[in-house]
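**Student:** Below are the structure tokens for one structure; questions will follow.
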Amino acid sequence: MADAIAAASTDAYARIVAALIRITDDWTLAEDCAQEALTLALQRWPQEGVPGNPGGWLMTVARNRAIDMLRRASVERRKLAELAVLALADPNPTPAEEVVDDRLRLIFTCCHPALALEARVALTLRTICGVPTADIARAFLVSESTMTRRLTRAKTKIADAGIPYQVPTGRALAERLPGVLAVLYLLFTHGYNADGQPAFADEAIRLARLLQQLIPGQGEVSALLALFLFQHSRRDARRDQRGNLLPLDKQDRLRWDRAAITDGLHILAETPEDGPYALQARIAACHATAVSVDATDWPAIAACYDKLAWIHPSPVVELNRAVAHGYAHGPTAGLALLAQARAGGALDDYPLAVAAEADLTARHGDRVRAAALFRQAASVAYSEPERRALLDRADELDRVGDACEREAMTR
């Protein structure tokens, strides 16, 4: 029963909230009514059974609750009339009718550039995904009351600034879409990080699929979805039995989600463009399809990073480019590019940059320095799982060094 309610909630919550926001212009009212509908379902469905059309049932309950609240508040008749029209509409419109629907309007409103990026992510989680405020607060390392105030300020800014509840078209769509994709990317990252909440990654994938369905033909949308699928396919293999993080070369590739990889490859095959997300997806595809680290097509990955550094330069891209060249053309080439990437100071004390230098140094043959660098990276790691993983790499190098010394002494 709980699974049925959860499934109905996932499918219907955003649709209900979006429809009520469009009609009432009241975000709090829309969310409260949708939440009350879910609460009533939890109370009644265990005794009465799940209705044949759960989404329609929830929409009806939420709509009726909104009507009651608007009547008590003496809201103008126009909004009541529009809610009455909603009562006659099919609660489960066909895909053809969903080309530009309320959920898409809601996504673009939550991701409006007038809001701070963190506020966009939080508002997307709360309003579109229905994630409890307490869970969002934990993800952002703030108290629930602080997150509640941030969400309230974001909604107030939308109202005060007159941010339109609509999907941009033409040139405006091209300008706004990258911002929406950036929000989904950050949402996925909050779920994929070592100390993240996997459910957030699931929500990012679900929203990327929805976006792909609602605005087809956008190559970067499809590429972002493929990237998510490739990355998330490794979720069950990223930790050992003790919960410690495993680097790519230590993961059991038989535990990777082959269905997700196949889905990603199919999507990517229909994405001929080479935008930033497409290039990242092609890199992820090289990893996902390799039977081992040694069998990975590192020259292709290095070439993709060369293109990415040209069209979307950043210190992190340059860092990853150095690593790729280190595997494709040898650690000396990688260390040279890494030195260039770190020259400006943007990667100072960035744990992944120090870890990359440690890895390339180890492959170059200097295990002592590499172990020291791994420990340095661990000292500035952002999470406890990452810190333990880096220390494990250092300890492993020490063990190899000790074994080599003992072998040399017996000769």
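Residues 1 to 411 (full-length UniProt numbering) make up the sequence shown, in order. Note that the Cβ used here is the ideal one computed from N, Cα and C, for glycine as well.
1) If you check the beta carbons only, do L265 and A285 fall under 8 Å apart?
2) Tell me which residue opens and which closes the alpha helix (DSSP H) that R234 is part of.
3) Return the chain-ordered list of same chain residues with a C-beta closer than 6 Å to the C-beta of F188, the five sequence neighbours on each side being excluded.
4) Which of the three DSSP states is assigned to R321 in this structure?
5) In whole angstroms, give me the CA-to-CA distance for R388 and A30.
6) Spatial neighbours of L338 within its chain, please: C-beta separation below 8 Å, excluding the five flanking residues on both sides.
7) Beta-carbon separation of L104 and V183 under 8 Å?
8) Among A269, R234, G219 and I23, which residue has its Cα nearest to the Cα of P276?
9) In the DSSP output, which residue or residues are listed as bridge partners for L245?
10) Taking C-beta to C-beta, are L248 and D240 nearer than 8 Å?
11) Can you find the residues in the same chain that come closer than 7 Å, C-beta to C-beta, to T109, ignoring five residues on each side of it along the sequence?
12) Would you call Q231 buried or exposed, if buried means 16 or more other Cβ atoms sit within 10 Å of its Cβ?
13) Evaluate contact between the segment 122-132 and the segment 39-52, counting only Cβ atoms and requiring at least three cross-stretch pairs below 8 Å.
14) Going by the CB atoms, is the gap between V317 and P351 shorter than 8 Å?
15) Looking at L224 and R209, is the spacing between their C-beta atoms short of 8 Å?
16) Check whether the Cβ of W310 lies closer than 8 Å to any Cβ atom in chain C.
17) For H306 and A66, what's the separation of their Cα atoms in angstroms?
18) Would you mind reading off the limits of the alpha helix (DSSP H) that contains Y277?
19) When burial is assigned at 16 or more other CB atoms within 10 Å of the CB, is R258 buried or exposed?
20) Taking the straight line between their C-alpha atoms, what separation do you get for K250 and E118?
21) Which residues bound the alpha helix (DSSP H) around Y192?
22) Is V354 helix, strand or coil by DSSP?
23) Note down, in chain order, each residue of its chain lying with its Cβ closer than 6 Å to the Cβ of Y13, except the 5 sequence neighbours on either side.
24) Give the secondary structure of D366 by DSSP, where H, G and I count as helix, E and B as strand, and everything else as coil.
25) With a Cβ-Cβ cutoff of 8 Å, do A122 and L141 count as a contact?
26) Suppose the cutoff is 6 Å on Cβ atoms and the five residues either side in sequence are ignored; what does the same chain contact list for G191 look like?
27) Using only the alpha-carbon positions, how far apart do R63 and S145 sit?
28) Would you report the Cα separation of I16 and M59, rounded to the nearest angstrom?
29) Helix or strand or just coil, what does DSSP make of L20?
30) Apply the 10 Å Cβ neighbour rule to P54 and answer buried if 16 or more other Cβ atoms are within range, or exposed otherwise.
**Tutor:** Taking the definition as stated:
1) yes
2) Where R234 is concerned, there is no enclosing alpha helix (DSSP H), given that its DSSP letter is neither H nor E.
3) A201, A204 and F228
4) helix
5) 44 Å
6) L319, A322, V323, G326, A353, A356, E357 and L360
7) no
8) G219
9) R239
10) Result no, Cβ atoms of L248 and D240 do not sit closer than 8 Å.
11) Annotation for T109: I158, I163 and Y165 place their beta carbon closer than 7 Å to its own, counting only its chain and skipping 5 residues before and after.
12) buried
13) no
14) no
15) no
16) Among the protein chains of the structure shown there is no chain C, as only one such chain exists.
17) The question names His, but residue 306 is Asp in the sequence shown. Roughly 54 Å between the two C-alpha positions.
18) P276 to T289
19) Looking at its Cβ environment, which holds fewer than 16 other Cβ atoms inside 10 Å, R258 is exposed.
20) 34 Å
21) G170 to Y192
22) Residue state, collapsed to three classes: helix.
23) Excluding positions up to five away in sequence, the list reads A34 and G130.
24) In this structure, D366 counts as coil in the three-state DSSP scheme.
25) In this structure, L141 does not lie closer than 8 Å to A122 by Cβ.
26) Q197, P198, F200 and A201
27) 28 Å
28) 6 Å
29) Helix, per DSSP.
30) Per the 10 Å Cβ criterion, buried.
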